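Each protein sequence line maps, in turn, to chains A and B. Note that the working numbering has the first sequence beginning at 99, numbered continuously upward. Note that the working numbering has the second sequence beginning at 10, numbered continuously upward. In this text, a Cβ means the ideal position worked out from N, Cα and C, and glycines have one as well. It should be emphasised that the depicted structure is a prediction, and the values quoted were computed from it without experimental measurement. A quick write-up on the structure given underneath.
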Amino acid sequence: KAGVTQTPRYLIKTRGQQVTLSCSPISGHRSVSWYQQTPGQGLQFLFEYFSETQRNKGNFPGRFSGRQFSNSRSEMNVSTLELGDSALYLCASSLVGTTDTQYFGPGTRLTVL
Amino acid sequence: DQQVKQNSPSLSVQEGRISILNCDYTNSMFDYFLWYKKYPAEGPTFLISISSIKDKNEDGRFTVFLNKSAKHLSLHIVPSQPGDSAVYSCAASASNYQLIWGAGTKLIIKP
């Protein structure tokens, strides 16, 4: 069974730009969650999608948004990038939700200059 | 407000010895706890979990202990092997709500 894939793996953007990250979950998994990880911090939950609906949202500004498609693939968008958005963005999929065993992708390393 | 804390950023252990990774939490409503490990350039992988109705869960070389009164969780790895070198993160949730993650502890196993 193929694992969770994320594209792109690395991204460099400048302040003010916007970015879209993509995540393809494990086949059959309907829950996709997004996390931000910065050095010295635990994973910060962004949001969770289940069957194309946002089911849960963390404490991030509205510049961070996402969506999920009918095939469970998910995208995350960050608009008006700030320097502090530089981080590793991880996507995780699971059968039913975030407290189920999650399978993580390798992440997208976003650098904002 | 960090509800889940891993106070040791790193830990170095001799191969063959026991590794003990600690995690403290503040929210008494947490009822489910997990440990994940992460290798460089890879996403975290699930290791072991425990629910609040138990105080110990074992899986091979890995044992998780839960002390609810102290709000303390620990992961024991016995014996430690070089392949165990990774970052270990604990996470907690309350009634199936979202997971809250610790910052992680980097475990280094010395040969």
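Counting only Cβ pairs nearer than 7 Å, list the residues of chain B close to A/GLN134. If you number the first sequence from 1, residue 134 of chain A lands on position 36. Correct list: empty, because the minimum Cβ distance to chain B is about 11 Å.
For the 8 Å Cβ check, are there 3 or more pairs between the stretch 194-208 of chain A and the stretch 104-111 of chain A? yes
Who are the near neighbours of A/ARG171 in its chain, counting only those whose CB is closer than 6 Å to its CB and skipping five residues on each side? As a position in the first sequence, residue 171 of chain A is number 73, starting the count at 1. Correct list, in chain order: SER122.
Judging by CA-CA distance, which residue of B/PRO88, B/LYS65, B/ASP68 is the nearest neighbour of B/GLN23? Counting from 1 along the second sequence, the entry for residue 23 of chain B is found at position 14. For B/GLN23, the nearest C-alpha among the options comes from B/PRO88.
Segment contact, 8 Å Cβ cut-off, at least three pairs: the stretch 31-38 of chain B with the stretch 147-158 of chain A: no
To test your reading of the DSSP string, which unbroken beta strand (DSSP E) runs of 3 or more residues are found completely within the stretch 107-133 of chain A? 108-111, 117-122
Beta-carbon proximity of A/SER129 to A/SER191, cut-off 8 Å: Here the question's residue 129 of chain A lines up with position 31 in the first sequence. Here the question's residue 191 of chain A lines up with position 93 in the first sequence. For A/SER129 and A/SER191, yes; Cβs fall inside 8 Å.
Express the C-alpha separation of A/ILE124 and A/SER163 in angstroms, rounding to a whole number. Numbered from its first residue, the first sequence carries residue 163 of chain A at position 65. Numbered from its first residue, the first sequence carries residue 124 of chain A at position 26. Computed Cα separation, rounded: 22 Å.
What does the alpha-carbon distance come out to for the pair B/PRO18 and A/ARG165? Mapped onto the second sequence, residue 18 of chain B falls at position 9. Mapped onto the first sequence, residue 165 of chain A falls at position 67. Whole-angstrom Cα-Cα distance: 34 Å.
Please name the residue in B/LEU108, B/VAL96, B/SER21 whose C-alpha comes closest to that of B/LYS115. The residue labelled residue 115 of chain B in the question sits at position 106 within the second sequence. Nearest of B/LEU108, B/VAL96, B/SER21 to B/LYS115, Cα basis: B/VAL96.
To the nearest angstrom, how far is the alpha carbon of B/SER28 from that of A/ALA100? Taking the second sequence and counting its residues from 1, one reaches residue 28 of chain B at position 19. Taking the first sequence and counting its residues from 1, one reaches residue 100 of chain A at position 2. Looking at the two C-alpha atoms, the distance is approximately 32 Å.
Of the listed residues B/ILE59, B/LYS14, B/GLY113, nearest to B/LEU75 (C-alpha basis): On the second sequence, position 66 is the one that residue 75 of chain B refers to. Checked all of B/ILE59, B/LYS14, B/GLY113; the closest Cα to B/LEU75 is B/ILE59.
Residues sharing a beta bridge with A/GLN152, DSSP: One-based indexing of the first sequence puts residue 152 of chain A at position 54. In DSSP, A/GLN152 forms a bridge with A/TYR147.
Hey, how far is the Cα of B/HIS85 from the Cα of B/ASP68? On the second sequence, position 76 is the one that residue 85 of chain B refers to. On the second sequence, position 59 is the one that residue 68 of chain B refers to. Cα to Cα, B/HIS85 sits roughly 10 Å from B/ASP68.
Where A/LEU179 and A/LEU186 are concerned, what is the direct C-alpha to C-alpha distance, given to the nearest angstrom? For this step, residue 179 of chain A is matched to residue 81 along the first sequence. For this step, residue 186 of chain A is matched to residue 88 along the first sequence. The alpha-carbon atoms of A/LEU179 and A/LEU186 are separated by roughly 14 Å.
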